[in-house]
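2 protein chains.
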Amino acid sequence: MAQERKIKPKKTPIISGSDVSDVSKRGWVIKEKKNHLQDLAASSPITIEHVSPQISAGRFAVKREVGDTMEVWANIFKDGHDLLKAVILVRYADSDEWWEAPMYEINHGLALWGGDLWFGDNRRYIYTIEAWVDEFGTWRDGTIKKLEAGQNVVLELVEGADIVRKTLERLKKTTDVRDPDARKRDIAFLTDVLKAFDASNDEYECADMLLNDEVLEAMDRWPDREQATRYDRELEVFVDRERAPFGAWYEMDVRSQGTEPGVHGTFKDAEARLPEIKEMGFDVVYLMPIHPIGHTHRKGKNNSLVCEPWDVGSPYAIGSEEGGHKAIHPQLGTMDDFRSFVRRAQELEMEVALDIAIQCSPDHPWIKEHPEWFTFRPDGTIKYAENPPKKYQDIVNVDFYGPESDAMWMELRDIFMFWANEGIRIFRVDNPHTKSVPFWEWVIREVQTVYPDTIFLAEAFTRPPMMQMLAKIGFSQSYSYFAWRESRHDLEEYFNELIHSEMREYFRPNLFPTTPDIMPFYLHDAPRSAFIIRYILAATLSPSYGMLNGYELCENDGIYGREEFNNSEKYEIKTRDWNAEGNIKDLIATINWIRGENFALQLYENLRFYTSENDNIMFYGKMTENRDNMIFVAISLDPYHGQAGRIWFPTEEMGVSFGGRFWVEELLSGREFEVRGNELWVNLYPAGNQAEIYRVTPIDRAS
Amino acid sequence: MAQERKIKPKKTPIISGSDVSDVSKRGWVIKEKKNHLQDLAASSPITIEHVSPQISAGRFAVKREVGDTMEVWANIFKDGHDLLKAVILVRYADSDEWWEAPMYEINHGLALWGGDLWFGDNRRYIYTIEAWVDEFGTWRDGTIKKLEAGQNVVLELVEGADIVRKTLERLKKTTDVRDPDARKRDIAFLTDVLKAFDASNDEYECADMLLNDEVLEAMDRWPDREQATRYDRELEVFVDRERAPFGAWYEMDVRSQGTEPGVHGTFKDAEARLPEIKEMGFDVVYLMPIHPIGHTHRKGKNNSLVCEPWDVGSPYAIGSEEGGHKAIHPQLGTMDDFRSFVRRAQELEMEVALDIAIQCSPDHPWIKEHPEWFTFRPDGTIKYAENPPKKYQDIVNVDFYGPESDAMWMELRDIFMFWANEGIRIFRVDNPHTKSVPFWEWVIREVQTVYPDTIFLAEAFTRPPMMQMLAKIGFSQSYSYFAWRESRHDLEEYFNELIHSEMREYFRPNLFPTTPDIMPFYLHDAPRSAFIIRYILAATLSPSYGMLNGYELCENDGIYGREEFNNSEKYEIKTRDWNAEGNIKDLIATINWIRGENFALQLYENLRFYTSENDNIMFYGKMTENRDNMIFVAISLDPYHGQAGRIWFPTEEMGVSFGGRFWVEELLSGREFEVRGNELWVNLYPAGNQAEIYRVTPIDRAS
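Here the protein sequences line up with chains A and B, keeping their order. Counting from 0, one number per residue, gives the positions in the first sequence under numbering that gives the first Met the number 0. Counting from 0, one number per residue, gives the positions in the second sequence under numbering that gives the first Met the number 0.
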């Protein structure tokens, strides 16, 4: 990381007068005036406030990625006219050693300071701010102004020399060993300056001695920070690896990867499919639960309460005599088969993600081994899951807050540790919002302490505050409302909220057009073009997106009036012809290739919506900060009719001179052309180009 | 105050999992997994967040007034489907005894809860929130749904009876003595219910026994709050008396109240003017500093460095051989004269406000008595105030952070205490932004602990973050940028910011069109109409406003190119003919009478700007919440030309039916008329009606 200097941790108390706990303390301190006076007299005259980024007054960690530069902002000010200096202090969460990076006053009128932190490692960082009065700088500034006004500054020069003398004394005594060479050099240099100063009687000569740049630089190297003000909060940043913000996920149930109709698929079958998935350009292969499936109250096809002997059950009813969350469903194969699958994926430079659903079938081994983790009813039966009047009799929930929950939390943590130890570093967590939030905060932190490269995706479709809370307490990624945002207005509004609110600091959406639980009405009986549209939206609006297997075949069979798949593979074996006519695998491969080639599409917060005159055509873009990669997408949201109209490029943002030209490569068709001005006519039609993706390069650059 | 119940303070630790200090703690707790697990396992599953109002994560007190109802909002939610209950807990800052007020879930989808607190006393309050799982309610709700779905609920009934039994046991053992009668009654009642329940074998009969309203009410009276979640912050509210938000101030220098030209005015002269000031309708008479004025480096007329023997000096150069901040300038009279003046003002139901400027002339007694409070230069001279290259040689500043500052802070506090003891409860503080912010926070709290009715007005014209900070740390009122907001756009933007940002919770602007230091260019050589316009704006945009003496005479003599008065009374004696031709005293009296008669104008946050087609006419209004008083102001901002145009009343907000009629009283002219629809043509001209003030009453009310 960017390190200006290494300094020893300060042992002085951190007081900038704004410790939250102060508030209650002050309630009674009022009665003890003397103490209260001392408290506040000790507090610093410098205010450091509105430090960003931070979430909920520093309660939660901000998220960043390896290689990110994070801008840190704060209001820093003091009464009167003193000049201030400030730095960002930063350390690893598990270390006491602070580094620092400089801050600069960006806007004096608003007392706004800023600085940059660069993160090089996948780990947890702590940062805060320290500011102090720049005594020498203040003196120097005032003295120069007086000189310019023709005032006598003899006394000022004596005062300035005193400041230098004081610094020199401190420098000689200091045990600070940051830069011993510079220290030695500066001691010699400042001693010489003072000697010459004391020997001279010429005001202007003396002024020149103290006001020259070398003295300023030497003095700036050794500020007196004894009285420095430390911001009263230490703020956390969790720095993830690249896959946390960027990746294309392919979701599948291993049992549906077989080739013979009606025959249960296995890890071997799934392994055989990996090259094909790689060819489509996916980064992550995410498996629905792979654990033994219960048989008590097993669900039949289409979630039926009636289970036929040949029904395979829901993989979310976890646990049987054959094991629980650390075991593999025998019909899928062995642990060795699993390992072979994972190894093959890694060879193909893909990662395997597992689906962790903390719930049990009534046959889960825990129920016998740890009945104390569950709730039993007055008749001695176990309490199954319900949302009255709905009952989920194939599922029982653990009690996260029961008297024996400590041991249970440990066991749940060990599930993640077990699979992490098998090389799995991505977990998709099923319905985390129906489990304990404090548990998630704890377990994510526990796992990431050992495996900081672990990524957690929260599969919560629930109220906004809970969605946000799960992301705040540590989930690396989150499912989103994307599946229900269809119109241009709804999409723009939702993504603007995600990107321009505080959520940008902690909530990373992973966009899935469909999931095993969600089949949006938009795709019921919908044509191929509808699938293409939703796919391109997912893959270009966010750097993280995912696709359920079968989507490439445009499977459009929804249950009438419900946002669910008909004959969902959650309850039965599927066997598909992966090369069936009408598949969109080529398009998927192209889009993933485009995502890989264009760094702008690997970023999230750079999404901006632009003007299109046709409300059925959405026009948006993403640029890198230095504009070396600029991608724009014009997409029709209408899968049934042709749509055409003008769109307007943000040529000023693009760095194109007013009325000038830029070069456009349309990446789906390979067409290339020149645009003069900022207007383009687009013609989109369902049978062919549902969208156009432009990479632009300025020809006439703004000066 | 609104008290639902009195309960004993809880001694259980306050943990909702979001203690700020946790963040740093967790850094090392990670290494001790067991402890960490216990910490979080103990934390509650209920999230309480985004509690408002609060300022800077609860660091500063919110401001309210006696009689105010404060809406408290929060997001409160938990994993799963349990029903929750929540209350606002409130106490006096100096007491341990909590009261509580109910909260209600206003919007389930947003997990938004709200409740009201009413403040009856002028003192400091603390509030927070507590929430818990409503076990019985959750059970009851689920059981009713199952019954409605025709399900068997025999087991559920047994479970419900168990909850009642548990409550009954707790009730018998409880030492909670809040309501002994209700407790006795409920014990008997619930015992009977259970007895009947146990005796019956009929499912529907049993269901009726447990699900009826009386049982619900009894159960709701005794929730189990052992596991309740307390919000992790205690939030402060300082409740001021009415004069803090509402009042008309008359500012004057006592020495300018004489009647004979060139003769120094006295308290006796000032006292003679009180009835006239009362007649104009003012509430507060605010005096520029009344202390002995220094003679060393005394300033001459117009801030001249050359002082003639007869020059009276600036009242802000405080202190001479005759005393300091607790003394009275001999030329103004004696302490008895001062007391007589204060008494006379009180008889007339006006208050006296003093101007406290913490700075000293070089002749202030402190300099000899406490040289350790000041800074001396290498040649032994005292360091005077400066802002290089500007020098203020008639002023020296105390050192707020020096080694002897404790004693000095005490002495400064005693200045406020001294005058408070003389019956003064309003202090206008000069240039607080050039003094220590921690000092202000401390001293205001100290004074208000003894005299909670004390009002502090911050005279800071500086950078926004400092303006805001002074208000946050306790100043009851603040000067504002009003004097520099002249156009409709600037005025609307500024007041919208004040009213619609977080500042509404703590920043109360007191609007002064001019001050001894500020003579805006708008009023230089300006006609009477300009003075009327700025006066009406000040008096109707904010419930607090002030006027410098001489304004009623439309004194328009500014120094060319500088926003200052020519021949300012800061440096000389003024003698005025208070009834000079062209004075606006009648208008002032009328406006103050209108302010007194119309409660809507005594409120601040109710200001709203409405549409006017002429950009030189600003149209705004204020309503009480129940719409029993609705005032609208149409004002021309052009003092030189007539302006006319349409304005549109917000008839929907006014409760007038669409296209219906309302009655209008124009309060400056006494004209009355009916309006149908929402449009009115106004014709404003400089020689007559610069503004119209409408009181409206719906005729055709919206149903």
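Built from N, CA and C at the ideal position, the CB exists for glycine as well. Predicted model, so just to flag it, every value in this text is computed and none were measured.
Considering only residues of the same chain and omitting the five flanking positions on each side of residue i, which have a CB-CB separation below 6 angstroms?
i	result
W221 of chain B	T166, L170
W112 of chain A	A73, I75, A85, M102, E104
S51 of chain A	W72
D81 of chain A	V132, T137
What first and last residue would you give for the beta strand (DSSP E) that runs through residue i?
i	result
L154 of chain A	Unbroken run through L154 of chain A is the alpha helix (DSSP H), 153 to 172; no beta strand (DSSP E).
Q392 of chain B	389 to 395
S635 of chain B	629 to 635
L116 of chain B	111 to 117
F426 of chain B	425 to 429
E104 of chain A	103 to 106
Tell me which residues share the same chain as residue i and place their Cβ nearer than 7 angstroms to its Cβ, disregarding the 5 neighbours each side in the sequence.
i	result
K746 of chain A	Only positions 0 to 702 of chain A appear in this structure, which leaves residue 746 of chain A out of reach.
M466 of chain B	A459, S477
F245 of chain A	P542, S543, Q601
G422 of chain A	V341
Along the chain, where does the alpha helix (DSSP H) containing residue i start, and where does it finish?
i	result
G299 of chain A	No alpha helix (DSSP H) contains G299 of chain A, which DSSP labels as neither H nor E.
L586 of chain A	584 to 596
F196 of chain A	179 to 198
F399 of chain B	From DSSP, F399 of chain B is part of no alpha helix (DSSP H); its letter is neither H nor E.
S541 of chain B	Taken as a continuous stretch (DSSP letters only), S541 of chain B belongs to no alpha helix (DSSP H), as it is neither H nor E.
D703 of chain B	The first residue shown for chain B is 0 and the last is 702, placing residue 703 of chain B beyond what the model contains.
D140 of chain B	134 to 147
Starting from the C-beta of residue i, find all residues in its chain whose C-beta is less than 8 angstroms away, skip the five residues before and the five after it, and write them out in chain order.
i	result
I498 of chain B	Y603, E604, L606
S20 of chain B	The pLDDT assigned to S20 of chain B is 33, lower than 50, so where the model puts this residue is not dependable; a value taken from the coordinates is nonetheless given after this. Cβ neighbours of S20 of chain B beyond the five flanking positions: none.
G581 of chain A	R527, L552, C553
G114 of chain A	E70, V71, A85, V86, I87, A100, P101, M102, Y103
F653 of chain A	One point to set straight first is that residue 653 of chain A is Met, not Phe, in the sequence displayed. Only M622, R626, M629, F661, V695, P697 meet the Cβ criterion.
According to DSSP, residue i sits in a beta bridge with which residue or residues?
i	result
E129 of chain A	A:V86, A:R229
M546 of chain B	B:Y249
F708 of chain B	Missing from the structure shown is residue 708 of chain B; chain B here goes from 0 to 702 and no further.
P697 of chain B	B:F661
G322 of chain A	A:S319
G557 of chain A	A:F564
F438 of chain A	Beta-bridge pairing links F438 of chain A to no other residue.
Residue ranges of each alpha helix (DSSP H) run of no fewer than 4 residues wholly in the stretch 209 to 243 of chain A, ordered along the chain?
-> If we require 4 residues or more, the alpha helix (DSSP H) runs fully inside the stretch 209 to 243 of chain A come out as 212 to 220.
What residue ranges within the stretch 32 to 92 of chain B form continuous alpha helix (DSSP H) runs of no fewer than 4 residues, ordered along the chain?
-> The alpha helix (DSSP H) runs lying completely inside the stretch 32 to 92 of chain B and spanning 4 residues or more are 32 to 41, given in chain order.
Where the stretch 361 to 389 of chain B meets chain A: residues whose CB sits under 7 angstroms from a CB there | The residues in question are R376, P377, D378, N386, P387, P388.
Whole beta strand (DSSP E) elements within the stretch 447 to 531 of chain B, 3-residue minimum | Fully enclosed beta strand (DSSP E) runs of 3 or longer: 454 to 458.
Residues, ordered as in the chain, of the stretch 172 to 194 of chain B that lie near chain A by beta-carbon distance below 8 angstroms = From the stretch 172 to 194 of chain B, no residue has a Cβ closer than 8 angstroms to chain A.
Secondary structure, beta strand (DSSP E): runs of 3+ residues fully inside the stretch 348 to 392 of chain A | The stretch 348 to 392 of chain A contains these whole beta strand (DSSP E) runs: 350 to 355, 383 to 386.
Could I get the ranges of all uninterrupted beta strand (DSSP E) runs contained in the stretch 610 to 695 of chain A, with 3 residues as the minimum, in chain order?
-> Counting only runs of at least 3 residues, the stretch 610 to 695 of chain A fully encloses the following beta strand (DSSP E) elements, listed from N- to C-terminal order: 616 to 622, 629 to 635, 642 to 647, 660 to 665, 671 to 675, 678 to 683.
Name, going along the chain, the residues of the stretch 67 to 81 of chain B whose beta-carbon falls closer than 7 angstroms to a beta-carbon of chain A.
-> Against chain A - using a Cβ distance shorter than 7 angstroms - the residues of the stretch 67 to 81 of chain B are N74, F76, D78, G79, H80.
Which of the residues in the stretch 405 to 435 of chain B, read from start to end, lie with their CB under 9 angstroms from any CB of chain A?
-> Residues D405, W408, M409, R412, P431, H432, T433, K434, S435.
Listed in chain order, which residues of the stretch 146 to 176 of chain A have Cβ atoms closer than 8 angstroms to some Cβ of chain B?
-> Listed by position along the chain: E147, A148, Q150, L154, V157, E158, D161.
Using a beta-carbon distance cut-off of less than 7 angstroms, what residues from the stretch 48 to 67 of chain A approach chain B?
-> For chain B, the residues of the stretch 48 to 67 of chain A that bring a beta carbon within less than 7 angstroms of one of its beta carbons are E48, S55, A56, G57, R58, in chain order.
Return the residues of the stretch 563 to 585 of chain B that lie within a Cβ-Cβ distance of less than 8 angstroms from chain A, sorted by chain order.
-> Going along the stretch 563 to 585 of chain B in chain order, one finds no residue with a Cβ nearer than 8 angstroms to chain A.
Contacting positions in the stretch 104 to 120 of chain B - beta carbon closer than 7 angstroms to chain A = Of all residues in the stretch 104 to 120 of chain B, G108, L109, A110 have a Cβ within less than 7 angstroms of some Cβ in chain A.
Select from the stretch 600 to 621 of chain A all residues with a C-beta closer than 9 angstroms to any C-beta belonging to chain B, and list them in chain order.
-> Flagged: no residues at all.
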